[in-house]
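Engineer: There's a structure below that I have some questions on.
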Amino acid sequence: MTREQTEIQNRTGVAPMRPGSGIYDVLLVGAGLANSMIALALLRARPDLLIALVDREAQIGGNHTWSFHSSDVSAAGLELLRPMLEAQWPSQEVRFPRLKRVLDTGYNSMTSSRLHATIMQSTGIDVFLSAGVSRVESDSIELESGSRLSGRCVIDGRGATKTNALALGYQKFVGLELELHEPHGMSRPVIMDATVSQHDGYRFVYTLPFSPTRVLVEDTYYSDGSQLNSELLAERALQYANSKGWRIAKTVRQEQGVLPIALAGDIQAFWAEGEQQAARSGMRACLFHPTTGYSLPDAVALAQRIAAADTFETRRIDQIVRRHSTKCWQQRSFFRLLNRMLFLAAQGEQRRDILERFYSLPAPLIERFYAARITAGDKARILLGRPPLPIPRAIRQLSESQAMETAHRREQGRSHG
1 MTREQTEIQN
11 RTGVAPMRPG
21 SGIYDVLLVG
31 AGLANSMIAL
41 ALLRARPDLL
51 IALVDREAQI
61 GGNHTWSFHS
71 SDVSAAGLEL
81 LRPMLEAQWP
91 SQEVRFPRLK
101 RVLDTGYNSM
111 TSSRLHATIM
121 QSTGIDVFLS
131 AGVSRVESDS
141 IELESGSRLS
151 GRCVIDGRGA
161 TKTNALALGY
171 QKFVGLELEL
181 HEPHGMSRPV
191 IMDATVSQHD
201 GYRFVYTLPF
211 SPTRVLVEDT
221 YYSDGSQLNS
231 ELLAERALQY
241 ANSKGWRIAK
251 TVRQEQGVLP
261 IALAGDIQAF
271 WAEGEQQAAR
281 SGMRACLFHP
291 TTGYSLPDAV
301 ALAQRIAAAD
311 TFETRRIDQI
321 VRRHSTKCWQ
331 QRSFFRLLNR
341 MLFLAAQGEQ
351 RRDILERFYS
361 LPAPLIERFY
371 AARITAGDKA
381 RILLGRPPLP
391 IPRAIRQLSE
401 SQAMETAHRR
411 EQGRSHG
């Protein structure tokens with residue numbers, strides 16, 4: 001063991017590397033969802049590899065709940081996720097002023113606490129927590145302590161960075177996990193309750209019943225701005241719980257987040273921005289569902305793709321990730337068009353009207369939409385009929401380049417406001 005590795009062991013309590021090794025095969029910077037999935041997929045597919053996972057926080061995955069439809073991931077992907085699942089349900093529900101519907105599509109939720117426990121119990125992954133990284137290179141990283149770790153393949157998954165290449169809207173939320181005095185009576189998740197009063201764009205409440213008396217209540221917004229008033233949203237989540245007649249015994253925890261919604265962009269310009277020595281993953285690689293902002297299905301798909309690589313060195317994995325990210329962006333242009341209609345063309349409560357109509361469509365179409373695998377027929381079905389907006393005019397006015405200009409002007413207005 002080198003002097004640097006001994007210092008890390010003394011500070012973090014982790015013994016780096018297996019005996020006799022001097023360099024990691026895969027060095028994962030950031031222990032969020034994307035890199036955690038890569039570590040677990042590699043552990044299954046290539047147990048011979050030396051893998052390290054490094055993060056500045058004290059817990060893998062932070063403080064999050066990730067949810068997904070069963071149809072969002074492959075059977076192999078679901079098996080990869082299974083040890084981390086907090087709950088699974090055979091159906092889900094949506095509620096709008098004129099539409100209430102149960103969808104017989106499986107729904108699943110994974111928590112960061114289970115992700116942390118799964119990885120920490122795994123043999124074959126060296127984990128370094130409370131270890132901030134000051135420099136990332138193609139073959140090594142430097143920690144804030146001054147110590148260095150080396151790797152043949154370095155993957156940077158420390159979350160999204162500021163970019164001028166994308167025009168974004170936002171999904172932002174505050175969630176409260178509540179323990180109740182009596183059972184809540186829910187049998188399935190309500191993934192969208194839009195019967196609530198509307199604020200800051202499009203508002204809905206999302207509820208996950210983890211046990212008969214434990215429920216996660218998230219106050220959620222499709223908003224033009226990324227500013228998050230956590231106190232206000234937490235208060236509205238409590239008001240929603242009280243409106244259901246639930247007597248709250250305690251708040252177990254609070255989580256919050258701001259997810260990107262892609263309106264427009266230039267994927268080539270995105271990848272050309274800044275100096276990047278390592279390969280990228282997750283949000284840092286522009287891998288998220290354009291309309292929901294969710295990143296779990298993409299994280300699983302990328303992990304499986306990397307685990308199947310023929311060789312593990314930074315340049316090769318970087319090529320794989322860039323090609324995959326670019327292909328996903330190009331294939332998802334229709335989602336960005338819909339997002340522009342939602343964020344740039346819809347006025348007032350039209351956003352809610354658009355989503356209400358969408359959830360009246362056939363269930364298989366909705367499943368394919370969430371999985372980002374819609375067909376030409378699906379696209380026609382979404383746009384035809386009696387949508388809340390005049391589609392031809394909206395399409396003419398909302399080109400991708402126009403959306404970029406609109407977003408740029410909007411951002412300038414915020415900076416001067």
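Going by my numbering, the sequence shown opens with residue 1, and the numbers climb by one from there.
For glycine and all other residues, C-beta sits at the position ideal for the given N, C-alpha and C.
Indicate the three-state DSSP secondary structure (helix, strand or coil) for residue 286 in the structure shown.
Structural biologist: Taken through DSSP and simplified to helix, strand or coil, residue 286 comes out as coil.
Engineer: Taking only the alpha-carbon atoms, compute the straight-line gap between residue 246 and residue 91 and give it to the nearest angstrom.
Structural biologist: 22 Å
Engineer: Please state the DSSP three-state secondary structure of residue 86.
Structural biologist: Secondary structure of residue 86 (DSSP, three-state): strand.
Engineer: Applying the 10 Å Cβ sphere with the 16-neighbour rule, what's the burial state of residue 232?
Structural biologist: exposed
Engineer: Taking Cβ positions, are residue 54 and residue 131 nearer each other than 8 Å?
Structural biologist: Taking 8 Å as the Cβ cut-off, residue 54 and residue 131 qualify as a contacting pair.
Engineer: Confirm, please, whether the CB-CB distance from residue 237 to residue 217 is below 8 Å.
Structural biologist: yes
Engineer: Check whether the stretch 98 to 109 and the stretch 76 to 90 touch, using three or more Cβ-Cβ pairs below 8 Å as the test.
Structural biologist: yes
Engineer: Give the DSSP-derived three-state secondary structure of residue 319 in the structure shown.
Structural biologist: In the structure shown, residue 319 sits in a helix (DSSP, three-state: H, G or I).
Engineer: Could you give the first and the last residue of the continuous alpha helix (DSSP H) run that contains residue 297?
Structural biologist: 296 to 307
Engineer: Nearest-angstrom Cα distance between residue 38 and residue 344?
Structural biologist: 36 Å
Engineer: What are the boundary residues of the alpha helix (DSSP H) that residue 79 is part of?
Structural biologist: 75 to 81
Engineer: Label residue 35 either buried or exposed according to how many other C-beta atoms from any shown protein chain fall within 10 Å of its C-beta, with 16 as the threshold for buried.
Structural biologist: buried
Engineer: Got a sec, what are the start and stop residues for the alpha helix (DSSP H) residue 370 sits in?
Structural biologist: Run containing residue 370: 363 to 370, per the alpha helix (DSSP H) assignment.
Engineer: Please look up how many angstroms separate the CB atoms of residue 270 and residue 286, rounded, as I've assumed it's under 8 Å.
Structural biologist: Contact holds; Cβ gap of about 6 Å.
Engineer: Take the Cβ of residue 144 as the centre, count every other Cβ of all protein chains shown within 10 Å, and call the residue buried at 16 or more, exposed below.
Structural biologist: exposed
Engineer: With C-beta atoms as the reference, is residue 371 less than 8 Å away from residue 134?
Structural biologist: no
Engineer: Mind listing, in chain order, the continuous beta strand (DSSP E) runs of no fewer than 3 residues lying wholly within the stretch 145 to 196?
Structural biologist: 148 to 156, 166 to 180, 190 to 193, all fully within the stretch 145 to 196.
Engineer: Among 103, 149, 159, 76, which one has its Cα closest to the Cα of residue 127?
Structural biologist: 149
Engineer: What number of angstroms, rounded off, separates the C-alpha of residue 234 from the C-alpha of residue 205?
Structural biologist: 11 Å
Engineer: For residue 290 and residue 353, what's the separation of their Cα atoms in angstroms?
Structural biologist: 19 Å
Engineer: Taking its Cβ as the centre, do 16 or more other Cβ atoms sit within 10 Å of residue 199, making it buried, or is it exposed?
Structural biologist: exposed
Engineer: What's the C-alpha gap between residue 305 and residue 221?
Structural biologist: The straight-line gap from Cα to Cα measures roughly 32 Å.
Engineer: Going by the CB atoms, is the gap between residue 228 and residue 162 shorter than 8 Å?
Structural biologist: no
Engineer: What are the start and end residues of the alpha helix (DSSP H) that includes residue 116?
Structural biologist: 112 to 120
Engineer: Between 98, 280, 369, 360, which lies nearest to residue 136 when the distance is taken from Cα to Cα?
Structural biologist: 280
Engineer: Three or more C-beta pairs closer than 8 Å, one from the stretch 353 to 368 and one from the stretch 380 to 390: is that the case here?
Structural biologist: The stretch 353 to 368 is in contact with the stretch 380 to 390.
Engineer: Under the rule that 16 or more other beta-carbon atoms within 10 Å means buried, what is residue 215, buried or exposed?
Structural biologist: buried
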